[in-house]
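Worksheet: the structure to be examined is printed underneath.
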Amino acid sequence: MSYQEKKNVMQLISSFVVFAGYSWILFVRFQALNPVGEELYRFWGAAFLILVPVTMIVRMIIEILFMIINRIATQETAPSFSDELDKIIDLKAMRMTFLRSLLDFL
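UniProt numbering applies: residue 1 is where the sequence shown begins, and numbers increase by one.
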């Protein structure tokens with residue numbers, strides 16, 4: 001498997017794990033608070049506003065850890081160039097990630 005394929009698989013899995021973990025935390029908090037009426041809107045508004053930075057930070061940390069572990073395990077560095085196939089793989093992975101994120105919110 002090429003570096004780009006491993007990276008895209010890791011990104012897809014990490015986005016799913018991060019969203020599932022955050023959803024579980026929200027579920028537990030929702031059950032504990034049991035918001036009603038206007039509190040319900042505040043709860044979900046805050047939940048989605050916190051989701052964006054949390055997801056970004058955790059995925060950056062996972063990306064850095066992936067690069068370190070991949071370097072140790074395979075002794076190969078990330079390619080400094082990308083050809084058309086690499087760009088196609090990135091676009092397909094991005095499309096799948098957006099589709100998965102959309103399905104998570106439904």
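Think of the CB as a built atom: it goes at the ideal place given N, C-alpha and C, for glycine as much as any other residue.
- Shown here, Pro79 sits in coil according to DSSP, grouped into three states, outside any helix or strand.
- Taking 8 Å as the cut-off, the Cβ atoms of Pro35 and Phe27 do not count as close.
- Shown here, Met94 sits in a helix according to DSSP, grouped into three states.
- In this structure, Tyr22 and Val54 form a Cβ contact; the two beta carbons are roughly 6 Å apart against a cut-off of 8 Å.
- The alpha-carbon of Met60 is positioned some 11 Å away from that of Met67.
- For Gly21, the uninterrupted alpha helix (DSSP H) segment begins and ends at 3-33.
- Residue burial annotation: Gln31 is exposed, with fewer than 16 other C-beta atoms found within 10 angstroms of its C-beta.
- Taking all protein chains shown into account, Ser101 has fewer than 16 neighbouring C-beta atoms within 10 Å of its C-beta and is therefore exposed.
- For Gly45, the uninterrupted alpha helix (DSSP H) segment begins and ends at 38-74.
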